[in-house]
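Okay, so the sequence shown: first residue is 1 according to UniProt numbering, each after it adds one.
Glycine included, every Cβ here is placed at the ideal spot set by N, Cα and C.
For clarity, every value in this text was computed on a predicted model and none was experimentally measured.
As structure tokens, the structure follows; a few thoughts come after it.
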Amino acid sequence: MLAHQLRLAAARAAPLARAAGTTLLRSPGRCRAAQSLAAAGAARLPSLGAWQRPAAGAWLRPADGSKREWRQYAASAVEEQQAPAAAQTAAAAVAAPGDAPATEAVVLDVRGMKCGGCSAAVKRMLLQQPGVAGAAVNLLTETAVVQVAVQQGSGGQSPDELAAAAAEVLTSKGFPAQLRSVEAGVADDAAALSERKQEELKKSTRDLAFAWGLALVCCTHHLGHMLHAMGLHQFAHTEFMHALGNPWVSGALGALALLGPGRPLLVDGALSLVRGAPNMNSLIALGASTSFAAGAASAALPGFVLDPSFLEEPVMLLAFVLLGRSLEARARAAASADLTALARLIPDSTRLVLDPGAAPRAPANGTAPAAEEVLVPTTTVRAGDVVRVLPGERVPVDGVVLSGTASVDESMLTGESRLVPVDEGSPLTGGTLAYEAPLTLRATSTGPASTLAGIGRLVADAQSREAPVQRLADVVAGKFCYGVMAASAATFGFWSLAGTDLFPQALDAVEAVGAQAPLLLSLKLAIDVLVVACPCALGLATPTAVLVASSAGARRGLLLRGGDVIESLAEVDTVVLDKTGTLTEGRLQLASVDAEAGISGDEVLALAAAAERNTRHPLADALVAAAEARGLEVPEASSSQTAPGDGVWAVVGDRHIAVGRREWVQQRCAADASGQAAELSSSSSSSSSSNRRERSSDTEVWVGWTGQGVAGRLMLSDALRPDAAHTVAALQQAGLRVMLLSGDRPEAVQAMAAAAGIAAEDARAGVRPEQKAEFVRSLRAEGRRVAMVGDGVNDAPALACADVGVAMGGGTAVAGDAAGVVLLGDRLGQVEEALSLGRSTLAKIKQNLAWAVAYNFVGVPIAAGALLPEYGIALSPSLAGGMMALSSIAVVTNSISLRWTLGSGGSSTSSSSSGAGGGGSAAAAPSGSHAHQLGGSTS
Numbered sequence: 001m002l003a004h005q006l007r008l009a010a011a012r013a014a015p016l017a018r019a020a021g022t023t024l025l026r027s028p029g030r031c032r033a034a035q036s037l038a039a040a041g042a043a044r045l046p047s048l049g050a051w052q053r054p055a056a057g058a059w060l061r062p063a064d065g066s067k068r069e070w071r072q073y074a075a076s077a078v079e080e081q082q083a084p085a086a087a088q089t090a091a092a093a094v095a096a097p098g099d100a101p102a103t104e105a106v107v108l109d110v111r112g113m114k115c116g117g118c119s120a121a122v123k124r125m126l127l128q129q130p131g132v133a134g135a136a137v138n139l140l141t142e143t144a145v146v147q148v149a150v151q152q153g154s155g156g157q158s159p160d161e162l163a164a165a166a167a168e169v170l171t172s173k174g175f176p177a178q179l180r181s182v183e184a185g186v187a188d189d190a191a192a193l194s195e196r197k198q199e200e201l202k203k204s205t206r207d208l209a210f211a212w213g214l215a216l217v218c219c220t221h222h223l224g225h226m227l228h229a230m231g232l233h234q235f236a237h238t239e240f241m242h243a244l245g246n247p248w249v250s251g252a253l254g255a256l257a258l259l260g261p262g263r264p265l266l267v268d269g270a271l272s273l274v275r276g277a278p279n280m281n282s283l284i285a286l287g288a289s290t291s292f293a294a295g296a297a298s299a300a301l302p303g304f305v306l307d308p309s310f311l312e313e314p315v316m317l318l319a320f321v322l323l324g325r326s327l328e329a330r331a332r333a334a335a336s337a338d339l340t341a342l343a344r345l346i347p348d349s350t351r352l353v354l355d356p357g358a359a360p361r362a363p364a365n366g367t368a369p370a371a372e373e374v375l376v377p378t379t380t381v382r383a384g385d386v387v388r389v390l391p392g393e394r395v396p397v398d399g400v401v402l403s404g405t406a407s408v409d410e411s412m413l414t415g416e417s418r419l420v421p422v423d424e425g426s427p428l429t430g431g432t433l434a435y436e437a438p439l440t441l442r443a444t445s446t447g448p449a450s451t452l453a454g455i456g457r458l459v460a461d462a463q464s465r466e467a468p469v470q471r472l473a474d475v476v477a478g479k480f481c482y483g484v485m486a487a488s489a490a491t492f493g494f495w496s497l498a499g500t501d502l503f504p505q506a507l508d509a510v511e512a513v514g515a516q517a518p519l520l521l522s523l524k525l526a527i528d529v530l531v532v533a534c535p536c537a538l539g540l541a542t543p544t545a546v547l548v549a550s551s552a553g554a555r556r557g558l559l560l561r562g563g564d565v566i567e568s569l570a571e572v573d574t575v576v577l578d579k580t581g582t583l584t585e586g587r588l589q590l591a592s593v594d595a596e597a598g599i600s601g602d603e604v605l606a607l608a609a610a611a612e613r614n615t616r617h618p619l620a621d622a623l624v625a626a627a628e629a630r631g632l633e634v635p636e637a638s639s640s641q642t643a644p645g646d647g648v649w650a651v652v653g654d655r656h657i658a659v660g661r662r663e664w665v666q667q668r669c670a671a672d673a674s675g676q677a678a679e680l681s682s683s684s685s686s687s688s689s690s691n692r693r694e695r696s697s698d699t700e701v702w703v704g705w706t707g708q709g710v711a712g713r714l715m716l717s718d719a720l721r722p723d724a725a726h727t728v729a730a731l732q733q734a735g736l737r738v739m740l741l742s743g744d745r746p747e748a749v750q751a752m753a754a755a756a757g758i759a760a761e762d763a764r765a766g767v768r769p770e771q772k773a774e775f776v777r778s779l780r781a782e783g784r785r786v787a788m789v790g791d792g793v794n795d796a797p798a799l800a801c802a803d804v805g806v807a808m809g810g811g812t813a814v815a816g817d818a819a820g821v822v823l824l825g826d827r828l829g830q831v832e833e834a835l836s837l838g839r840s841t842l843a844k845i846k847q848n849l850a851w852a853v854a855y856n857f858v859g860v861p862i863a864a865g866a867l868l869p870e871y872g873i874a875l876s877p878s879l880a881g882g883m884m885a886l887s888s889i890a891v892v893t894n895s896i897s898l899r900w901t902l903g904s905g906g907s908s909t910s911s912s913s914s915g916a917g918g919g920g921s922a923a924a925a926p927s928g929s930h931a932h933q934l935g936g937s938t939s
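Below you can see the structure in the form of structure tokens.
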């Protein structure tokens, strides 16, 4: 089942936001924060951040991939020792001098942001606050993630207090802000945002209807020109038509537009201008008020003859602007629909079983008897409650099946379109869909602590992390409004002082006559410049694409840590794969046991299983499963310690057991067993030949103890993932270099590389964890952009040092903490999907930025009259406002199209995997296992 993998992946969201713990820093010029990684390890696996840690044994995971057997592992003493050791190894491998102090991320909900200039101003104000080390502002989700330097502790204040002080500053500057509640789940956050957006849409619809009602009245006045052209003069000169042409009526319509639907825009724009942070509303307010003031002066002052039509311009301008805002709001809602849909996977009500121990009543649906049950709100269900799920219903909470056998569709979380069988003891994830038969389960986590809530938090936090390409856009957007106002003033000055003298034909083009004609033209063009410019398109270019990509990726089982990760994915040219659990399925099976003369093979296996029982590695799973399958009594280890890349050292009874590499086992056992090892290897090979030819792809594990030295060798076989060969071929066809990095022996590594289609020179064996990190660093030093794919503690240093770390869904929490991408579907083909998603998203971002920049570079000069002298083309303020609105809509719509570019998740990989099944058969493990004495007899 993938529920365990999802829980691990959800726990990995902890480092990304205050709602889920401390963040992983990605400072330029060094590997990703080793200090944070060490802290995550010291907190024990898996890192849960601010989540409530589950009780001992609350989380379950498979002990054997082929059976429905589950064992506890959450509270083992061995794990407590293993995690810090693994984290220290990762920290030592990636730490660099001059690391930035650790920070804690606090999420603020910020309202009142209207355009890219607003988000840039919010970010600038946050960075000016004491104790704030960094900030990322998202215009679409109306959030700001504030990185507070924990070590600074300004004035002894906590991170929450520092963030609260920053929120007060934002509120005083016109951007109401507050700390996001840690207790609120992703569904609550999504629901609150959705509800607020719906209210804003309703209000904007009312304002839009009012504005266009006024606009239609204005248009009716101009209908008189059409009636004249049609020869209907009597209708063109009615009292009604004459009344509409009265300047005072036009003034009343303009005032209604400004004080009615345009009032929020004018007030916000004026206040932003006064605060020194002008935004798009400031430009609209300046344009509309200037036009109305000019029209009012023309109507009220007999000697000031301009054009009374200026009074009507605010009406048409605001009508077009509000139309664009309404369409843009709907497009933004569509862009965030995936995250909202993810939050709504949890049903509102749950069938709560009142007395699970009571005698069952008559069957409710003819399939199975059920205890008394009642429908209750899902929010009231707590861990330990027993709930019932009928066929066709969604699982309301994370839990473990108590009774029933059914199939579950997890495609909405993993992107893999297939039904997964579940029965008693199987874990279930809230939001999945049950089929075939009813299930009874005991809830293990609910609400904010659930898997789906953790995934949603990770996605929401990822959307708040800006891509590097956005930083330049933010700088431009922050100064943009000042530049536009300067351009407007320059336009007015040029045409009023010299433009009409240099290009007198411009006056004919706009039908301006009289002494006030230059002033009339100058005002119109200056207003055009104000309202045609669009800083919002710059501000939306990157966040909309990141939002769509991260949400759509989550629906396909791809969890991306942010815009910076997406950009790095697009630039990858080298993919480095770990072997066990990454290129292979990680479900190793015991092939043979070779023991020293006088020692039982079962004893070697039992002691190895005792040492490995609580460690997190596929080899450990295989040894424990093999011992249990043989019915061996596995003793308890009183203590143990993991040496990543070498093995496990444990105390079992009065023996100190070493399990791992031969050289390391010999060293730990403090015995010169080189002669024993040679004899053991030779005897093993000959004795195995009668039952099974030893495969070069098998992995060997040596076992020994003090006083004995090397006591035996365990041979384990693993199968290549079904989609491995197809994925490697697809990556190579895309121009990427694919490499294999493993700590296993050369024969096993080369055999797997050949089966997967990886060149022999690109397969490296016997690589220790710190050497993996060094190898990745050496590739980057050559100018390569590296994606490291792994799943274990051994891979954490290399994942942290790569440009992009990719963790398989079944991996450890340390590996996930070091990775920028987590593959929930636990399919190697998702690596290809993630890289494709990164390339497609970066392409959309560049298209958006190119459009936003090109529009303003072309639109502003045209509005300023660049085409007026030669072609007689000039914009009206209302048309300019409409163009401005359409510019933002174009950016959002282009980002939404990324959904169609991605297609349906999981389908392509699933279909291709079946075609690559032959690639895995070459390394398939046999079902049987054998144990041999050195003399050749079976133990």
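Q. Do residue 404 and residue 430 have their CB atoms nearer than 9 Å?
A. no
Q. In chain order, what residues of the same chain have a beta carbon less than 7 Å from the beta carbon of residue 880, not counting five sequence neighbours either side?
A. For residue 880, where only same-chain residues beyond five positions count, the Cβ hits under 7 Å are 528, 531, 532, 863.
Q. To the nearest whole angstrom, what separates the beta carbons of residue 454 and residue 379, a pair I think is in contact under 8 Å?
A. No, residue 454 and residue 379 are not in contact; Cβ-Cβ is about 17 Å, not under 8 Å.
Q) Three or more C-beta pairs closer than 8 Å, one from the segment 783-797 and one from the segment 575-593: is that the case here? A) yes
Q) Alpha carbon to alpha carbon, how far is residue 116 from residue 754? A) One Cα belongs to residue 116, the other to residue 754, and the distance between them is close to 51 Å.
Q: Give the straight-line distance between the Cα atoms of residue 215 and residue 257, rounded to the nearest whole angstrom.
A: 9 Å
**Q.** Run of the alpha helix (DSSP H) containing residue 748, from where it starts to where it stops
**A.** 746-756
Q. If you run the structure through DSSP and keep just helix, strand and coil, what is residue 108?
A. DSSP, read as helix, strand or coil, puts residue 108 in strand.
Q) Around the Cβ of residue 382, are there at least 16 other Cβ atoms within 10 angstroms (buried) or fewer (exposed)? A) The residue in question, residue 382, is exposed, as its Cβ has fewer than 16 Cβ neighbours within 10 Å.
**Q.** Nearest to residue 435 (by Cα), restricted to the options 480, 420, 195
**A.** 420
(Q) Once DSSP output is grouped into helix, strand and coil, what is the label at residue 352? (A) strand
Q. Cβ of residue 539 within 9 Å of Cβ of residue 118?
A. yes
**Q.** Beta-carbon contacts of residue 882 that lie in its chain and below 7 Å, excluding the five residues immediately before and after
**A.** 320, 324
**Q.** Which residues DSSP lists as bridging residue 138, in chain order
**A.** DSSP output for residue 138 lists 143 as bridge partner(s).
Q: Kindly indicate the opening and closing residues of the beta strand (DSSP E) around residue 617.
A: DSSP places residue 617 outside any beta strand (DSSP E), giving it a letter other than H or E.
**Q.** Run of the alpha helix (DSSP H) containing residue 862, from where it starts to where it stops
**A.** 829-863
**Q.** Beta-carbon proximity of residue 372 to residue 345, cut-off 9 Å
**A.** Taking 9 Å as the cut-off, the Cβ atoms of residue 372 and residue 345 do not count as close.
Q.
I need the boundaries of the alpha helix (DSSP H) containing residue 738, first residue and last residue.
A. That residue, residue 738, is in no alpha helix (DSSP H); its beta strand (DSSP E) goes 737-741.
Q) Would you say residue 535 faces chain B, with C-beta separation under 9 Å as the test? A) The structure shown contains no chain B; it is built from a single protein chain.
Q.
Please give me, in chain order, every unbroken run of the beta strand (DSSP E) with length at least 3 that falls completely inside the segment 530-583.
A. 558-560, 574-578
Q) Any idea if residue 328 is buried or exposed, counting beta-carbon neighbours within 10 angstroms, 16 or more meaning buried? A) buried
Q | For residue 630, the three-state DSSP class (helix, strand or coil) | A | coil
Q | Cα-Cα separation, residue 274 to residue 839 | A | Cα to Cα, the separation comes out at about 42 Å.
(Q) Taking only three categories from DSSP, how would you classify residue 438? (A) coil
Q: Check whether the Cβ atoms of residue 988 and residue 731 sit closer than 9 Å, and answer yes or no.
A: Residue 988 cannot be examined here, being either before or after the span of the chain that is shown, 1 to 939.
Q. In chain order, what residues of the same chain have a beta carbon less than 6 Å from the beta carbon of residue 433, not counting five sequence neighbours either side?
A. 394, 409
Q.
Could you tell me the alpha carbon to alpha carbon distance between residue 259 and residue 114, rounded to whole angstroms?
A. 19 Å
Q: Indicate whether residue 762 and residue 571 have their beta-carbon atoms separated by less than 9 Å.
A: no
Q | Residue environment, residue 897, which counts as buried when at least 16 other CB atoms sit within 10 Å | A | exposed
Q: Could you tell me which residues DSSP pairs with residue 502 in its beta bridges?
A: Answer is none; residue 502 lacks a bridge partner.
Q. Are residue 825 and residue 809 closer than 9 Å when you measure CB to CB?
A. yes
Q: Check residue 708 in the structure and name its three-state DSSP category.
A: coil
Q: Just the C-alpha distance for residue 207 and residue 160, rounded to the nearest angstrom, thanks.
A: 38 Å
(Q) With DSSP as the reference, identify every bridge partner of residue 149, one or two as the case may be. (A) 103
(Q) Tell me which residue opens and which closes the beta strand (DSSP E) that residue 788 is part of. (A) 786-790
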